[in-house]
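Structure, as C-alpha cells:
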Amino acid sequence: MNPSSSKTKLSSEVSYREGNLHYSQGNSTAAEQSWKNSSLKQETETKQSGRKNNAGRPPFFRTIAAVVLTAVCFYTIIFSFFQREPDALSEWMLSQQQQQHRSFWDNWWDTGRPSISFNRTPFGTEDWLQQFRENLRELMEQENPERSVSRQEFEKWLERKKKNSGLQKPTNHYVLTGRGLFNVRKFDEAIATYQEGLHYAESPEHFGELFRELGTAYYYKGYQLQADGLAKYDLKLVNNSIESYLQAEKFTSGPYLYGNMGWGFYLLEDFEKSVEYSERALVLDPTLVYVRMNLGISYLHMDEYSKAFLAYQSIRSFEPEFEEYDGGIRDLKELKIKYPSGYPFTDFILGFILMEQGRFHDSRNALLSFVNSSFDGSSWKLKAQEMIRMMAGG
Numbered sequence: 497m498n499p500s501s502s503k504t505k506l507s508s509e510v511s512y513r514e515g516n517l518h519y520s521q522g523n524s525t526a527a528e529q530s531w532k533n534s535s536l537k538q539e540t541e542t543k544q545s546g547r548k549n550n551a552g553r554p555p556f557f558r559t560i561a562a563v564v565l566t567a568v569c570f571y572t573i574i575f576s577f578f579q580r581e582p583d584a585l586s587e588w589m590l591s592q593q594q595q596q597h598r599s600f601w602d603n604w605w606d607t608g609r610p611s612i613s614f615n616r617t618p619f620g621t622e623d624w625l626q627q628f629r630e631n632l633r634e635l636m637e638q639e640n641p642e643r644s645v646s647r648q649e650f651e652k653w654l655e656r657k658k659k660n661s662g663l664q665k666p667t668n669h670y671v672l673t674g675r676g677l678f679n680v681r682k683f684d685e686a687i688a689t690y691q692e693g694l695h696y697a698e699s700p701e702h703f704g705e706l707f708r709e710l711g712t713a714y715y716y717k718g719y720q721l722q723a724d725g726l727a728k729y730d731l732k733l734v735n736n737s738i739e740s741y742l743q744a745e746k747f748t749s750g751p752y753l754y755g756n757m758g759w760g761f762y763l764l765e766d767f768e769k770s771v772e773y774s775e776r777a778l779v780l781d782p783t784l785v786y787v788r789m790n791l792g793i794s795y796l797h798m799d800e801y802s803k804a805f806l807a808y809q810s811i812r813s814f815e816p817e818f819e820e821y822d823g824g825i826r827d828l829k830e831l832k833i834k835y836p837s838g839y840p841f842t843d844f845i846l847g848f849i850l851m852e853q854g855r856f857h858d859s860r861n862a863l864l865s866f867v868n869s870s871f872d873g874s875s876w877k878l879k880a881q882e883m884i885r886m887m888a889g890g
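Quick note: the sequence shown uses our numbering, first residue 497, plus one each step.
Here is the structure:
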C-alpha cells in the first residue's frame with residue numbers, strides 16, 4: 497500500500513474520533529468541525545487515488561482510434577492519386593449506359609443497315625433455364641480423366657434421361673445460341689446454328705424467327721465499314737440475306753422485316769422491289785425515318801425526282817434528331833462514289849438534308865455543285881438557287 501495513502505486514511509480516522517469525543521462532551525460545534533475535516537480528507541484521498549490509477553492505465557482506446565484513423569487516411573490518399581483499372585462488369589455497365597444515350601442512327605450504322613434490335617421474340621425464365629440445362633449437360637459430357645465416381649454416375653443419369661426422352665434441343669436453343677455467336681461477330685457459326693435449328697422448327701413462329709435471324713446474319717457477314725465511314729457490301733451474301741427474308745415472310749411480318757428487305761433489294765439494284773417493301777414497312781410504321789430515306793434513294797435511281805424529294809421532305813413532320821439523317825447522307829455519298837456523274841440529283845438531295853441539319857456551308861457547296869451540273873431540269877436548279885438565298889438571308 498502507498499505510505500501517503502495510509503497516512504491520509506489514519507489522519508481522517510483520528511479526526512472522526514475527535515468528533516465523537518467532542519460530541520460526548522456536549523460540544524456539538526467542535527464535533528461537527530472534526531467530522532467535516534475527516535470527510536474532506538477522505539474525498540481528497542479518493543480523488544488522488546483515482547487519478548493515479550488512471551495515469552497508470554495504458555491508453556488502448558486512444559491507440560486503436562489513432563491506428564484506424566491513420567489507415568482510413570492512407571487508403572483515401574492511395575486511391576485518390578492512383579487510378580484503378582475498371583473490372584469487366586464496370587466496363588460493361590459503362591458501355592451499356594453510353595449506348596443508351598446514342599441515337600438510333602449511331603447504333604444502327606455501327607453494325608450495318610438492317611435493324612436487329614426490333615421484332616425479336618422475347619424469352620422468359622423457362623427458356624433461359626432450358627439453355628442452362630443444355631450447357632450443363634454439354635459441360636458434363638466433356639472428357640475429364642479426374643472425374644469422381646459420383647460425377648460419372650450423374651453423367652450416366654443424364655445420358656439415360658436423354659435417351660429416354662428422345663427429344664431434340666428446343667428451337668429457342670438455336671435462336672439463343674445463334675444470337676450469342678452473332679453478337680461476338682462469329683457469323684459463320686451463327687449461320688450454321690440457325691440452319692441447324694430449321695431442321696427442328698415446328699411452328700410458323702419458329703420458322704419465321706430463324707429465317708429472319710438467318711437473313712440478318714448473312715447481311716452482316718457481307719457488310720464492311722470502311723475507314724471513311726462508308727460501307728462496302730458482298731452482294732452474294734446480300735442476296736442470301738434477301739432469300740432468307742423472303743422465306744421468313746411466309747411465316748411472319750413486321751415493319752423492320754420489310755424495311756430490311758427494301759434496303760437489300762436496293763443494294764441488289766432491284767429498285768421496284770425496294771420501293772414495294774419500303775412502302776409496306778411504312779404502312780405498318782410510318783415513323784421509320786431510315787425507311788423513308790431508303791425509299792427516297794430508290795426513287796432517285798429510278799429518275800423519279802419529285803417522289804425522291806417528297807420522300808426525304810416527309811421526314812420533317814416527324815421532327816427527327818439531326819443524327820438520324822447521317823445514315824441517309826452516307827448512302828448518298830456512297831452513290832456518288834459508285835457513279836461519280838451518273839446521278840447529279842444526288843447533290844440536290846444532299847444540299848436539302850444538310851440544310852435541314854443546319855450545316856449551311858456544306859449545303860451551299862452541294863447545291864452549287866448541283867446548279868453547275870449537267871442535270872436537265874431548270875425548275876430544280878431554280879429551287880436550289882432559292883434554297884441558297886434562304887440560307888444566305890438566315
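Backbone N, C-alpha and C define an ideal beta-carbon position, used for all residues, glycine too.
In the DSSP output, what is residue i paired with across the bridge?
i: residue 729; result: 719
Give me, in chain order, the residues of the same chain whose beta-carbon lies closer than 8 Å to that of residue i; leave out the 5 immediate sequence neighbours on both sides.
i: residue 826; result: 605, 725, 726, 727
i: residue 808; result: 788, 789, 792, 824, 845, 848, 849
i: residue 870; result: 837, 840
Check residue i in the structure and name its three-state DSSP category.
i: residue 668; result: helix
i: residue 786; result: helix
i: residue 798; result: coil
i: residue 683; result: helix
i: residue 724; result: coil
i: residue 879; result: helix
i: residue 678; result: helix
i: residue 697; result: coil
i: residue 466; result: Residue numbering for the chain in the displayed model covers 497 to 890; residue 466 lies beyond these limits and cannot be assessed.
i: residue 868; result: coil
i: residue 604; result: In this prediction, residue 604 has a pLDDT of 44, which is less than 50 and means its spatial position is unreliable; what the coordinates show is noted afterwards. In this structure, residue 604 counts as helix in the three-state DSSP scheme.
i: residue 711; result: helix
i: residue 689; result: helix
i: residue 522; result: coil
i: residue 837; result: coil
i: residue 570; result: helix
i: residue 847; result: helix
i: residue 842; result: helix
i: residue 818; result: helix
i: residue 889; result: helix
i: residue 792; result: helix
i: residue 748; result: coil
In its own chain, which residues sit with a C-beta less than 6 Å from the C-beta of residue i, not counting the 5 before and 5 after it?
i: residue 818; result: 853
i: residue 804; result: 792, 795, 796
i: residue 748; result: 704
i: residue 694; result: 706
i: residue 774; result: 758, 787, 790, 791
i: residue 691; result: none
i: residue 741; result: 711, 757
i: residue 885; result: none
i: residue 763; result: 729, 734
i: residue 767; result: 794, 797, 798
Can you give me the start and stop residues for the alpha helix (DSSP H) that residue i sits inside?
i: residue 855; result: From DSSP, residue 855 is part of no alpha helix (DSSP H); its letter is neither H nor E.
i: residue 808; result: 801 to 809
i: residue 834; result: 822 to 834
i: residue 813; result: First-last for residue 813: undefined, no H or E at that position.
i: residue 752; result: 751 to 763
i: residue 769; result: 767 to 780
Leaving out five residues before and five after residue i in sequence, what residues of the same chain have Cβ atoms less than 7 Å from its Cβ?
i: residue 847; result: 859, 862, 863, 866, 880, 883
i: residue 751; result: 777, 780, 781, 784
i: residue 677; result: 685, 686, 689
i: residue 842; result: 796, 828, 831, 832
Taking 6 Å as the line, does the beta carbon of residue i fall inside it for any heavy atom of the ligand ADP?
i: residue 878; result: The ligand ADP is not among the ligands present in this structure, which contains no ligands whatsoever.
Can a CB atom of chain B be found closer than 7 Å to the CB of residue i?
i: residue 867; result: No chain B is present in this structure, which holds just one protein chain.
Item to check | the segment 701 to 712 touching the segment 685 to 692, judged by at least three CB pairs closer than 8 Å | outcome: Contact annotation: the segment 701 to 712 touches the segment 685 to 692, with at least three C-beta pairs closer than 8 Å.
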